[in-house]
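Visitor: I have a structure here, written as structure tokens, and I will follow up with some questions on it.
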Amino acid sequence: MKTSRLFRNALITTLVIAAFVVSYNVTDADFGKLFRNLPNGQKLITDFLTPDVVTRDVETRTVSIAFPVPCDSAPAEADLPDNGPRLVPSVNCANPLEKFTLEGFDLEPDSEVVIRWKLPDERTMTAIRTNTDAEGYFTFEVEARPIIASANGVASRLEVDTLTPVGKFKPSPTLKEVLDAMFVTIFMALLSTTIATFIAAPLSFLAASNITRRGLIGSAVYYLMRFIFNVLRAYDPLSMALLFAFWLTFGPFPGAMALTVVTIASLGKLFSEAVENIDPGPVEALQATGASPIHVVRYGVLPQVVPDFISYIVYHWDINVRISTIIGFVGGGGIGYLLNLYINDFKWNQAGTAIWAIVIVVWAMDFLSAEVRKRLT
Amino acid sequence: MLRIQNVSKTYPNGTQALKNVSFDVKDGEFLVVIGLSGSGKSTLLRCINRLIDPTEGQIFLDDVDITAAPPAKLRQIRRKIGMVFQQFNLVKRSSVMTNVLSGRLGYVNPWTSLIGLWSADEKKRAIEALGRVGIADKAGARADALSGGQQQRVGIARALMQEPNLILADEPVASLDPVLSHSILQYLEQLNKEGITVICSLHFLDLVHRYATRVVALKDGIKVFEGSAQEIDRARFKEIYGEEAQEVRAASV
């Protein structure tokens, strides 16, 4: 007796260990990677933590000089000023592929600088972006590439823009984009929750044993409704969204439809349980007055379940906002879709903005639905 | 007015709640049904308005066979039978007014009442019904804001809305303290004097003595006594409630 139990325990332990080993291998688990790749993670997290939220207007000041390439192809800049914002190249002309140093003096301090060539035919070619120091100075090594050669005696010009942020902070285009997408997501979730409510509420009465399960037909309806709800609930929203995306092409609408179907099943089940949990007393009392079945439901059942229904609806709106974020990834539109775009373009700051928006909205919805439910009980 | 004829009820789980019960109720009686918990009192009352369908036997109300009535006819019969419950059975979240008005559902236009519209006439009737049980001022309150005694009075007002010829009261005072018990039973007694027949199940024997014009006693689903309250002596009492029983009295007012 005792040895058999010992054997059984040993067997169970062995099986548990074996299962763990298999799962470790299947997952390609390599926990060392978590630490070896830490710099990658840090960069990502830093970008996520500095979301693109605000911008300021930028004032651009430009200084330029003529710079002939090759040297005798056009007149060089005559006399360079020695005060005020100015550019000073180490040579006043150059031959192709020669390198020289460009310095800038007394420009806007601590500003972003864009150095570019303006070709004789008015095309521009950005060489590099850099920054001025606290004195408004920068230095940069420039290569005189053949493409900047003078044409018809006109030299290309070296232009330097200093970009100075001025004025108030204002929402960045990313923020507007994210808010628009979030708006779509919230209302997509609201639409599916609303449609699902109108369908699930009447059906839930058919799936409530205390209302429907009378006689053969009643029982059949009851079990059929239960079966439908359970089957629909078995599909997770993501695969449902893929199905609808294939059917209705991409966009918020298939996402909303997928959410609706899942929500009908889920709300239907929750609603029917609320109906089953009512106090049967008032129902009995109303039957005794000679009221018809529909009036018994209207006056005896409905007032008892409405608070539960409302609380489930708000709760599901909250859940649907969360799910529709994920559905967006498979083309369901809204914030999830936008986040997917940002991630595919490696726009981590923008992705950070989207993620923050999701976090804030999910938290707010959670808070709201908790408050509503608290008020109703 | 009411003839109960060889009524038996067996529940699907095999419990035999009523065994071949027969008796008559005359117009204007205050008939009290007594017996231990589980003796079949509630089942008997619910068989009369067919909240429970009897397995065998027939019940006639003014020579109409209730037990054979199809659904629409049954609703018509139920309209004239008010019912008052031990747990009051009000919709707790609805207003007192709505609870009382819902007693009128068998009469009013089914469409307007479905969307919650009630005529001024019906509202006036509801206030009058509440007035008869002394709580017209509570019409706007939520039902669960009222005390137990007040809730039972709402239950009576709801029954009055049916303009009933008969009121079934299933242990109407079992959830109330003795003082309130008398107050509720006095309302029923008043209605009885105004011509409504009352069938009421009760626990306390002194209440039976005080209010009953006639008594039917059930034991294990069998009618073991029928007669006036005065006829229930010590021997009969033991017969109804068993050898171990001790009489408990509700405080009289």
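Here the protein sequences come in this chain order: Y and C.
Residues 1 to 377 in the working numbering are what the first sequence lists, from first letter to last.
Residues 1001 to 1253 in the working numbering are what the second sequence lists, from first letter to last.
Virtual Cβ for every residue (Gly too), placed ideally from N, Cα, C.
Just checking: is the beta-carbon of Pro1054/C within a distance shorter than 8 Å of some beta-carbon in chain Y?
Guide: The residue you call residue 1054/C lines up with position 54 of the second sequence. No, its Cβ sits nowhere closer than 8 Å to a Cβ of chain Y.
Visitor: According to the neighbour-count rule (16 or more other Cβ atoms, all chains shown, within 10 Å of its Cβ), is Tyr312/Y buried or exposed?
Guide: Here the question's residue 312/Y lines up with position 312 in the first sequence. Per the 10 Å Cβ criterion, buried.
Visitor: Name, please, each residue of chain C whose Cβ falls closer than 9 Å to the Cβ of Ile294/Y.
Guide: In the first sequence, counting from the first residue as 1, residue 294/Y sits at position 294. Neighbours of Ile294/Y on chain C, chain order: Pro1110, Leu1114.
Visitor: Leaving out the 5 sequence neighbours to the left and right, which residues in its chain are closer than 6 Å to Ser1252/C when beta-carbon positions are compared?
Guide: One-based indexing of the second sequence puts residue 1252/C at position 252. Here the model assigns Ser1252/C a pLDDT of 49, short of 50, so the residue's position is not dependable, and the following value carries that caveat. Contacts found: none.
Visitor: When you check each C-beta in the region 222-234 of chain Y against every C-beta of chain C, which residues fall closer than 8 Å?
Guide: The region 222-234 of chain Y vs chain C, Cβ under 8 Å: nothing.
Visitor: Short check: CB of Arg61/Y to CB of Thr126/Y, under 8 Å?
Guide: Start at 1 with the first residue of the first sequence, and residue 61/Y comes out as number 61. Start at 1 with the first residue of the first sequence, and residue 126/Y comes out as number 126. No, the Cβ-Cβ distance between Arg61/Y and Thr126/Y is not below 8 Å.
Visitor: Three-state secondary structure (DSSP) at Phe329/Y?
Guide: By one-based count along the first sequence, residue 329/Y stands at place 329. Note: Phe329/Y maps to helix in three-state DSSP.
Visitor: What does a CB cutoff of less than 7 Å around Ala208/Y pick up in its chain, not counting 5 residues either side in sequence?
Guide: As a first step, residue 208/Y must be located in the first sequence, where it is residue number 208. Same-chain partners within the cutoff: Ser272, Val275, Glu276.
Visitor: Using a Cβ-Cβ cut-off of 8 Å, state whether Asn1013/C counts as contacting chain Y.
Guide: Here residue 1013/C is taken as the residue at index 13 of the second sequence, counted from 1. It does not: the Cβ of Asn1013/C has no partner Cβ on chain Y nearer than 8 Å.
Visitor: Skipping 5 residues on each side, what residues in its chain have a beta carbon closer than 7 Å to that of Glu108/Y?
Guide: Residue mapping note: residue 108/Y aligns to position 108 of the first sequence, counting from 1. Arg61, Thr132, Gly136, Thr162, Thr164, listed in sequence order.
Visitor: What is the rounded straight-line gap between the Cα of Gly215/Y and the Cα of Ile228/Y?
Guide: As a position in the first sequence, residue 215/Y is number 215, starting the count at 1. As a position in the first sequence, residue 228/Y is number 228, starting the count at 1. In a straight line, the C-alpha of Gly215/Y is about 20 Å away from that of Ile228/Y.
Visitor: Please report whether the beta-carbon of Lys51/Y lies at a distance below 8 Å from any beta-carbon of chain C.
Guide: Residue mapping note: residue 51/Y aligns to position 51 of the first sequence, counting from 1. First, the amino acid is wrong: residue 51/Y is Pro here, not Lys. Cβ-Cβ to chain C under 8 Å: no for Pro51/Y.
Visitor: Around the Cβ of Trp348/Y, are there at least 16 other Cβ atoms within 10 angstroms (buried) or fewer (exposed)?
Guide: As a working mapping, residue 348/Y is identified with position 348 in the first sequence. By the 10 Å Cβ count, Trp348/Y comes out buried.
Visitor: Suppose contacts are defined by Cβ-Cβ distances below 8 Å. Is Ile355/Y in contact with Leu341/Y by that definition?
Guide: The sequence position of residue 355/Y within the first sequence is 355, counting from 1. The sequence position of residue 341/Y within the first sequence is 341, counting from 1. Their beta carbons are not under 8 Å apart, which means Ile355/Y does not touch Leu341/Y by this criterion.
Visitor: Assuming Val99/Y contacts Ser156/Y under a Cβ cut-off of 8 Å, what Cβ separation, rounded to an integer in Å, is found between them?
Guide: As a first step, residue 99/Y is located in the first sequence; it is residue number 99 there, counting from the start. As a first step, residue 156/Y is located in the first sequence; it is residue number 156 there, counting from the start. One point to set straight first is that residue 99/Y is Lys, not Val, in the sequence displayed. With 8 Å as the limit, Lys99/Y and Ser156/Y do not qualify as a contact, their Cβ atoms being about 16 Å apart.
Visitor: Using 8 Å for Cβ pairs, my map puts Met257/Y next to Val321/Y. What's the rounded Cβ distance?
Guide: Looking up residue 257/Y in the first sequence gives position 257. Looking up residue 321/Y in the first sequence gives position 321. That belief does not hold up - the Cβ atoms of Met257/Y and Val321/Y are roughly 16 Å apart, past 8 Å.
Visitor: Go ahead and label Glu1171/C buried or exposed: buried means 16 or more other beta carbons lie within 10 angstroms of its beta carbon, across all protein chains shown.
Guide: Taking the first residue of the second sequence as 1, we reach residue 1171/C at position 171. Label assigned to Glu1171/C: buried.
Visitor: At a CB distance below 8 Å, what residues from the region 273-285 of chain Y approach chain C? Give them in sequence order.
Guide: Against chain C - using a Cβ distance shorter than 8 Å - the residues of the region 273-285 of chain Y are Asp279, Gly281, Pro282, Glu284, Ala285.
Visitor: Counting only beta-carbon atoms, is Ala291/Y nearer than 8 Å to chain C?
Guide: As a working mapping, residue 291/Y is identified with position 291 in the first sequence. Chain C, which has a Cβ nearer than 8 Å to the Cβ of Ala291/Y, makes this yes.
Visitor: Quickly, what does DSSP pair Lys1223/C with across the bridge? List them, please.
Guide: The residue labelled residue 1223/C in the question sits at position 223 within the second sequence. Looking at the DSSP assignment, Lys1223/C forms a beta bridge with Leu1218/C.
Visitor: For Gly300/Y and chain C, any beta-carbon pair shorter than 8 Å?
Guide: Mapped onto the first sequence, residue 300/Y falls at position 300. With 8 Å as the cut-off, Gly300/Y counts as an interface residue toward chain C.
Visitor: For the region 338-352 of chain Y, list every residue whose C-beta sits within 9 Å of some C-beta in chain C, in sequence order.
Guide: For the region 338-352 of chain Y, which is checked against every Cβ of chain C, not one residue is closer than 9 Å.
Visitor: Under 8 Å Cβ-Cβ, which residues of chain Y neighbour Gly1106/C?
Guide: Here residue 1106/C refers to the residue found at position 106 of the second sequence. Under the 8 Å cutoff, chain Y gives Thr289, Gly290, Ala291.
Visitor: By alpha-carbon positions, which one of Glu1163/C, Arg1132/C, Ala1235/C, Arg1093/C ends up nearest to Gln1186/C?
Guide: In the second sequence, residue 1186/C corresponds to position 186, counting from 1. Looking at the Cα atoms, Arg1132/C is the closest of the given residues.
Visitor: Go ahead and pull the three-state DSSP assignment for Trp1118/C.
Guide: As a first step, residue 1118/C must be located in the second sequence, where it is residue number 118. The answer is coil: DSSP assigns Trp1118/C none of H, G, I, E or B.
Visitor: Run through chain D and tell me which residues come within less than 8 Å of Gln1162/C, C-beta to C-beta.
Guide: The structure shown contains no chain D; its protein chains are Y and C.
Visitor: What residue from Ser1201/C, Lys1193/C, Gly1149/C, Asn1099/C has the CA that sits closest to Asp1027/C's CA?
Guide: By 1-based counting over the second sequence, the position of residue 1027/C is 27. That would be Lys1193/C, whose Cα lies nearest to the Cα of Asp1027/C.
Visitor: Per DSSP, Phe1023/C is paired with what?
Guide: The residue you call residue 1023/C lines up with position 23 of the second sequence. DSSP output for Phe1023/C lists Ile1004/C as bridge partner(s).
Visitor: Can you have a look at Ser204/Y and say buried or exposed, based on whether 16 or more other CB atoms are within 10 angstroms of its CB?
Guide: Sequence index remark: in the first sequence, residue 204/Y carries index 204 (1-based). Flag for Ser204/Y reads buried.
Visitor: Since Phe169/Y contacts Val54/Y with CB under 8 Å, what's their CB separation in whole angstroms?
Guide: Here residue 169/Y is taken as the residue at index 169 of the first sequence, counted from 1. Here residue 54/Y is taken as the residue at index 54 of the first sequence, counted from 1. With a Cβ gap of about 4 Å, Phe169/Y and Val54/Y count as contacting.
Visitor: Report all residues from its chain with a CB closer than 7 Å to the CB of Met225/Y; omit the five preceding and five following residues, and keep chain order.
Guide: Counted from its first residue, the first sequence places residue 225/Y at position 225. The residues are Leu203, Leu206, Ala207.
Visitor: May I ask which residues mark the beginning and end of the beta strand (DSSP E) holding Ser156/Y?
Guide: Taking the first sequence and counting its residues from 1, the one referred to as residue 156/Y is at position 156. Per DSSP, Ser156/Y belongs to the beta strand (DSSP E) from 156-171.
Visitor: Can you check the region 1140-1174 of chain C for any alpha helix (DSSP H) of at least 4 residues that lies completely inside it and give the ranges in chain order?
Guide: For the region 1140-1174 of chain C, whole alpha helix (DSSP H) runs of length 4 or above, ordered along the chain, are 1148-1161.
Visitor: Using a Cβ cut-off of 8 Å (strictly closer), state whether Gln42/Y contacts chain C.
Guide: Here residue 42/Y corresponds to residue number 42 of the first sequence, with the count starting at 1. No, Gln42/Y does not count as interfacial toward chain C.
Visitor: Could you tell me which chain C residues have their CB closer than 9 Å to the CB of Pro303/Y, listed as they occur along the chain?
Guide: Start at 1 with the first residue of the first sequence, and residue 303/Y comes out as number 303. Those within 9 Å of Pro303/Y in chain C are Val1091, Lys1092, Arg1093, Ser1094, Thr1098.
Visitor: If we count the other Cβ atoms within 10 Å of its Cβ and call it buried at 16 or more, is Ile1077/C buried or exposed?
Guide: Taking the second sequence and counting its residues from 1, the one referred to as residue 1077/C is at position 77. It counts as buried.
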